[in-house]
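Take a look at the structure set out below.
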Amino acid sequence: MENILEVIRQGIMEGDMSLTEEKVQEALDAGVAPGDILQEGLIAAMAEVGRLFEEGEYFVPEMLIAARAMKAGMVLLKPYLVAADVKPAGKVAAGTVKGDLHDIGKNLVCMMLEGAGFEILDLGVDVTPEKFVDAAANQGVDIIAMSALLTTTMPNMKATVEALKAAGVRDKVKVMIGGAPVTDAYAAEIGADGYGADASRAVAAAKHLMGIA
Ligand code: B1M
């Protein structure tokens, strides 16, 4: 079993989608527990990718292709995880804030979070405070994750935090933010709970907010 999980990890780290798919299917057919394939295959590989990114050995393209391979494996694994009732690390509603159409970084953050075992509700781009509030109120999410790439749209993060408060759901969720112009200080200023400078640190922040790291 360890050997096939090692091959899955290697496949993901090298961004080899077809090898990842083939080996995830092989592991499932061989009766390896879906939770083990997730934890010791997909999640372990993406944790290593995050580490290499932080150490400057991997860059955004390597992270993107690794995440794509992980997602391909996840598509096969998901029905088995549901059947085995494997619980996600937490549910995250992620979106780029109102007025902002940049989604490359947000998508990468979503993929890395998924690779860390989180369930993602991707709200897309140009997401209004009302849509974030709806996710917090009605979709059972643990974390609201907002991305902004424009200095002109950053205030919509604050507007969303205020809208969550006004709707009485601020305490139901944690709020984390990120994006090129966003800083830790800005997160503190608007009353967000967490901040990630990049996709790898976003995973660390989300885990911290869920009390799992
Ligand atoms: Co635009 N753009 N853009 N753009 N664009 C920037 C952001 C800009 C810095 C370029 C520049 O002038 N040098 C500038 C903003 C200036 C400012 O506000 N200070 C700018 C501008 C001005 C604009 C327009 C206004 C241009 C115009 O039309 N006049 C316009 C706005 C449209 C709109 O949104 N309403 C516009 C449009 C576009 C395109 C559509 C052409 C395209 C976006 C395509 C897309 O996303 N689908 C685009 C692009 C590609 C860029 C640049 C070149 C690259 C952004 C990117 O994808 N980076 C960008 C310049 C730059 O950043 N060098 C620029 C790669 C990505 C992996 O990084 O998004 O930073 P990033 O995400 C990182 C981290 O920030 C972090 O993790 C990610 C991965 O490590 N992160 C999070 C992101 N979200 C997070 C959330 C978290 C945690 C971490 O927790 C929730």
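Throughout the sequence shown, residue numbering follows my numbering, covering -19 to 193 in sequence.
Think of the CB as a built atom: it goes at the ideal place given N, C-alpha and C, for glycine as much as any other residue.
Check your understanding: Terminal residues of the continuous beta strand (DSSP E) containing residue 158?
Key -> Locating residue 158 in the sequence shown gives position 178, where the first residue counts as 1. It spans 154 to 158 - the beta strand (DSSP E) in which residue 158 sits, taken as one unbroken run.
Review point. Is the beta carbon of residue 16 within less than 7 angstroms of some heavy atom of ligand 1?
Key: The residue labelled residue 16 in the question sits at position 36 within the sequence shown. Because no heavy atom of ligand 1 lies under 7 angstroms away, the Cβ of residue 16 does not count as near it: no.
Practice item. Using only the heavy atoms of ligand 1, determine whether one of them is closer than 7 angstroms to the beta carbon of residue 187. Key: On the sequence shown, residue 187 is found 207 positions in, with the first residue counted as 1. Because no heavy atom of ligand 1 lies under 7 angstroms away, the Cβ of residue 187 does not count as near it: no.
Point to revise | For residue -8, the residue or residues it bridges with in DSSP | key: Position 12 of the sequence shown, counting from 1, holds the residue named residue -8. Looking at the DSSP assignment, residue -8 forms no beta bridge with any residue, so it has no partner.
Check your understanding: Which residue comes first and which comes last in the beta strand (DSSP E) that contains residue 8?
Key -> Within the sequence shown, the letter at position 28 stands for residue 8. From DSSP, residue 8 is part of no beta strand (DSSP E) but of the alpha helix (DSSP H) over -3 to 9.
Exercise for review: Could I get the ranges of all uninterrupted beta strand (DSSP E) runs contained in the stretch 23 to 84, with 3 residues as the minimum, in chain order?
Suggested key: 71 to 77
Point to revise | Rounded separation between residue 155 and residue 54 - CA only | key: On the sequence shown, residue 155 is found 175 positions in, with the first residue counted as 1. On the sequence shown, residue 54 is found 74 positions in, with the first residue counted as 1. Spanning the two alpha carbons is a distance of roughly 26 angstroms.
Check your understanding: Would a C-beta distance cut-off of 8 angstroms place residue 17 and residue 7 closer than the cut-off?
Key -> Position 37 of the sequence shown holds residue 17. Position 27 of the sequence shown holds residue 7. Going by C-beta atoms, residue 17 is nearer than 8 angstroms to residue 7.
Check your understanding: Since residue 77 contacts residue 133 with CB under 8 angstroms, what's their CB separation in whole angstroms?
Key -> Here the question's residue 77 lines up with position 97 in the sequence shown. Here the question's residue 133 lines up with position 153 in the sequence shown. Indeed they touch by this definition, with Cβ atoms about 5 angstroms apart.
Check your understanding: When the Cβ atoms of the stretch 41 to 57 are set against those of the stretch 122 to 142, are three or more pairs found closer than 8 angstroms?
Key -> no
Check your understanding: According to DSSP, what are the bridge partners of residue 175?
Key -> Along the sequence shown, one-based indexing puts residue 175 at 195. DSSP lists 157 as partners of residue 175.
Exercise for review: Could you tell me which of 136, 112, 130 sits nearest to residue 122, measuring between CA atoms?
Suggested key: Reading the sequence shown from its first residue, position 142 is the one you call residue 122. Ranking the options by Cα distance to residue 122, first place goes to 112.
Check your understanding: Cβ atoms of residue 175 and residue 158: under 8 angstroms apart, would you say?
Key -> Here the question's residue 158 lines up with position 178 in the sequence shown. Here the question's residue 175 lines up with position 195 in the sequence shown. The answer is yes: Cβ separation under 8 angstroms.
Check your understanding: Hey, is residue 100 close to ligand 1, as in C-beta under 7 angstroms from one of its heavy atoms?
Key -> Reading the sequence shown from its first residue, position 120 is the one you call residue 100. Result no, Cβ not under 7 angstroms from ligand 1.
Check your understanding: How about residue 81 and residue 183: do their beta carbons lie closer than 8 angstroms?
Key -> Against the sequence shown, residue 81 aligns to sequence position 101. Against the sequence shown, residue 183 aligns to sequence position 203. Not a contact, by the Cβ cut-off of 8 angstroms.
Review point. Do residue -5 and residue 46 have their C-beta atoms closer together than 8 angstroms?
Key: Start at 1 with the first residue of the sequence shown, and residue -5 comes out as number 15. Start at 1 with the first residue of the sequence shown, and residue 46 comes out as number 66. Yes, they are a contact pair.
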